[in-house]
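Here is the structure we will look at, set down as structure tokens.
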Amino acid sequence: IIVPDMYANAGGVTVSYFEWLKNLSHVSFGRINRRFEETASLNLVNMVEGLTGVALTPMQRATIVKGASELELVNSGLEDTMIRSYHEIRETLVSNPKIDTLRTAAFVVAINKIAVSYKNLGVWP
Numbered sequence: 268i269i270v271p272d273m274y275a276n277a278g279g280v281t282v283s284y285f286e287w288l289k290n291l292s293h294v295s296f297g298r299i300n301r302r303f304e305e306t307a308s309l310n311l312v313n314m315v316e317g318l319t320g321v322a323l324t325p326m327q328r329a330t331i332v333k334g335a336s337e338l339e340l341v342n343s344g345l346e347d348t349m350i351r352s353y354h355e356i357r358e359t360l361v362s363n364p365k366i367d368t369l370r371t372a373a374f375v376v377a378i379n380k381i382a383v384s385y386k387n388l389g390v391w392p
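Take 268 as the starting number for the sequence shown in this note's numbering and just add one per residue.
And the structure:
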């Protein structure tokens, strides 16, 4: 497999976009819901310990209860974006017999996205 250059570069662009979003909101990723998730996980751990009578070690509790860090959230978002993008490129390649490479398929996907954006803005015939 030869990875299309525009797909390989998309990871850096995606992370830059995430950083731009963070800077716009002046709130780090996870800040809003991290404590809530940690509390919910802690409540679940306490309930399981109470029902089973088995106490977890402090390390086990910390591992389960710990909310996602900003880096983990960014990596998760990047992974999801790259997987969905690859599937979209691959589907375009497989569904169109005139397209013979992943690179060409990536261009077709990109051009179609631009066309849809222009159409939604009302600047496309």
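Don't be surprised by glycine CBs; every beta carbon is placed ideally from N, CA and C.
Between the CA atoms of residue j and residue i - distance to the nearest angstrom
i, j, result
"residue 271", "residue 369", "6 Å"
"residue 352", "residue 374", "12 Å"
"residue 274", "residue 354", "11 Å"
"residue 343", "residue 281", "12 Å"
"residue 318", "residue 294", "38 Å"
"residue 333", "residue 268", "38 Å"
Proximal residues to residue i (C-beta, below 7 Å), its chain only, five neighbours per side dropped
i, result
"residue 340", "296 and 297"
"residue 312", "323, 328, 331 and 332"
Residue i burial status per 10 Å Cβ neighbour count (16 or more: buried)
i, result
"residue 299", "exposed"
"residue 360", "buried"
Proximity of residue i and residue j at Cβ, strictly below 7 Å
i, j, result
"residue 331", "residue 308", "yes"
"residue 376", "residue 350", "no"
Sequence-distant residues of its chain with Cβ nearer than 8 Å to residue i (five each side left out)
i, result
"residue 391", "382 and 385"
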